[in-house]
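Participant:
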Amino acid sequence: MAHGSRDPRSAASVAALLEVVRALRPGLDVRLSFLDLSAPRLTDVLAGVAGEGHRRAVVVPLLLGDAYHARVDVPGAVAEATGRHPRLEVLVSDVLGPDPRLESAALRRLAAAGAHPGDPGIGVVLAAAGSSHPPANAAVADVARRWAAGAGWAGVEVAFAAAEPDVASAVARLRARGARRVALGSWFLAPGLLPDRVRAQARAVAPGALLADPLGPDPEVAELVVQRYLTAEPASTARYA
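Residue numbers (the numbering used here): 12 to 252.
1. Taking Cβ positions, are SER16 and SER44 nearer each other than 8 Å?
2. What is the DSSP secondary structure of VAL41, counted as helix, strand or coil?
3. Bridge partners for GLU100 per DSSP, in chain order?
4. Please classify ALA249: does DSSP put it in a helix, a strand, or coil?
5. Can you grab the Cα-Cα spacing for the pair LEU28 / VAL232, in whole Å?
6. Which residues share a DSSP beta bridge with VAL135?
7. Using a 10 Å radius around the Cβ and a threshold of 16 neighbouring Cβ atoms, would you call ARG191 buried or exposed?
8. Do you know offhand how far ALA249's Cα is from VAL70's?
9. DSSP three-state call for ARG119: helix, strand or coil?
10. Looking at HIS144 and LEU74, is the spacing between their C-beta atoms short of 8 Å?
11. Identify, in the order they occur along the chain, each residue of the same chain with its Cβ nearer than 6 Å to the Cβ of PRO51, setting aside the five sequence neighbours on each side.
12. With distances taken Cα to Cα, identify the nearest neighbour of ALA92 among HIS80, GLY219, LEU53 and VAL41.
13. Beta carbon of ARG33, beta carbon of VAL41: below 8 Å?
14. Using three-state DSSP, classify LEU73 as helix, strand or coil.
15. Taking just the CA atoms, how far does PRO230 sit from LEU99?
16. Starting from ARG52, follow its DSSP beta bridges and name the residues at the other end.
17. Under 8 Å, do LEU185 and VAL193 count as touching if we go by C-beta distance?
18. Given a cut-off of 8 Å on the beta-carbon distance, is the pair ALA211 and ALA124 in contact?
Structure, rendered in C-alpha cells:
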C-alpha cells in the first residue's frame with residue numbers, strides 16, 4: 012500500500028517495485044493499493060480479497076517514515092475494511108523506514124547522479140517530504156548525520172518539502188562549509204509533487220545541482236518489503252493502532 016499521487020509516474024514506479032517483489036517471492040499474491048489520490052484504494056483491494064474468499068491479508072505500508080499516514084490513515088482504512096468484512100483477518104507491517112537498505116538505495120541513486128562518496132567538494136542535501144510529527148523528521152536527520160560522518164563529502168544537510176529547513180537553507184549551510192557543488196539526495200519512494208518541488212528548489216539555488224532519483228524499484232527496497240511482509244502483526248496489536 013503506497014500513499015498515492017495524481018502524478019502517474021508515482022503509481023508506475025510503485026508498480027515496478029512490486030514487480031521486483033514478485034520476482035523475489037514467486038507465487039506470492041502481491042496486490043497494489045493506495046491510501047489516496049490513486050486507484051485502487053486499500054479498502055477496495057481488501058474488499059476484493061475478502062470477496063474472493065481469502066481469510067487473511069497482509070498490508071505493507073510503503074511509507075518511509077512513521078508519521079500521520081502510518082499512525083492514523085492506515086489503521087483507519089484497515090478498520091473500515093475489517094468492519095465490512097469481519098471474516099477477513101488483516102495483518103499490518105511496520106513502515107519501510109528506518110532501515111539501512113533504504114540508505115543504501117538512496118546512496119546508489121546519488122552515485123548514479125554523479126555524487127560519489129569521498130568527494131570533499133560536494134555538499135549533499137538529503138530531501139524528504141517532511142511531517143508534522145517531529146520523530147519522523149528526526150529519523151531523516153539521523154540518516155544525514157550518519158552520511159556526514161562517513162561519506163567524505165563537504166557536508167550533508169537535511170531538507171523537507173513540507174517542513175523546515177528547506178532546500179535553500181540547506182544549500183546555504185553547505186556552501187558555508189566550502190561545498191563547491193551541490194547534490195540532492197532523494198528520501199522519496201517514487202516521483203511526484205513533493206520530489207518535483209525539492210528538485211525545483213535545488214535548481215533555483217544551485218543550477219548545476221546533481222539530482223538523485225527517488226528510490227523506486229531498487230532490489231534492496233524490494234527485499235525490505237518482503238521482510239516487512241514476513242514480520243507483520245495482527246492489525247489489532249500493530250503499533251499503529
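Beta carbons: idealized from backbone N, C-alpha and C, even for Gly.
Facilitator: In brief:
1. By 1-based counting over the sequence shown, the position of residue 16 is 5. By 1-based counting over the sequence shown, the position of residue 44 is 33. No; because the gap between Cβ atoms is not below 8 Å, this pair is not in contact.
2. For the purposes of this step, residue 41 is identified with residue 30 of the sequence shown, where counting begins at 1. The answer is coil: DSSP assigns VAL41 none of H, G, I, E or B.
3. Numbered from its first residue, the sequence shown carries residue 100 at position 89. Note: GLU100 sits in a beta bridge opposite ARG67.
4. Residue 249 sits at position 238 when you count from the first residue of the sequence shown. With a pLDDT of 43 at ALA249, under the threshold of 50, the predicted position of this residue should be treated as unreliable, and no value is reported.
5. Counted from its first residue, the sequence shown places residue 28 at position 17. Counted from its first residue, the sequence shown places residue 232 at position 221. LEU28 and VAL232: Cα-Cα distance of roughly 8 Å.
6. As a first step, residue 135 is located in the sequence shown; it is residue number 124 there, counting from the start. For VAL135, which the question treats as bridged, DSSP gives the partners VAL167 and ALA194.
7. The sequence position of residue 191 within the sequence shown is 180, counting from 1. The residue in question, ARG191, is exposed, as its Cβ has fewer than 16 Cβ neighbours within 10 Å.
8. Start at 1 with the first residue of the sequence shown, and residue 249 comes out as number 238. Start at 1 with the first residue of the sequence shown, and residue 70 comes out as number 59. Bear in mind that a pLDDT of 43 at ALA249, under 50, signals an unreliable position, so the model cannot answer this.
9. Within the sequence shown, numbered from 1, the residue matching residue 119 stands at position 108. Looking at ARG119 - three-state DSSP - the assignment turns out to be helix.
10. Walking along the sequence shown from the start, residue 74 turns up at place 63. Walking along the sequence shown from the start, residue 144 turns up at place 133. The Cβ-Cβ distance between LEU74 and HIS144 does not fall below 8 Å.
11. The residue labelled residue 51 in the question sits at position 40 within the sequence shown. So the list reads SER44, once near-sequence residues are dropped.
12. Here the question's residue 92 lines up with position 81 in the sequence shown. The option with the nearest alpha carbon to ALA92 is LEU53.
13. Your numbering for residue 33 matches position 22 in the sequence shown. Your numbering for residue 41 matches position 30 in the sequence shown. Contact: yes.
14. On the sequence shown, residue 73 is found 62 positions in, with the first residue counted as 1. Three-state result, LEU73: coil.
15. Counted from its first residue, the sequence shown places residue 99 at position 88. Counted from its first residue, the sequence shown places residue 230 at position 219. Straight-line Cα distance between these residues: approximately 31 Å.
16. Here residue 52 is taken as the residue at index 41 of the sequence shown, counted from 1. DSSP, once it has assigned bridges, lists PHE45 as partnering ARG52.
17. Here residue 185 is taken as the residue at index 174 of the sequence shown, counted from 1. Here residue 193 is taken as the residue at index 182 of the sequence shown, counted from 1. Cβ atoms of LEU185 and VAL193: closer than 8 Å.
18. In the sequence shown, the residue the question calls residue 211 occupies position 200. In the sequence shown, the residue the question calls residue 124 occupies position 113. No; because the gap between Cβ atoms is not below 8 Å, this pair is not in contact.
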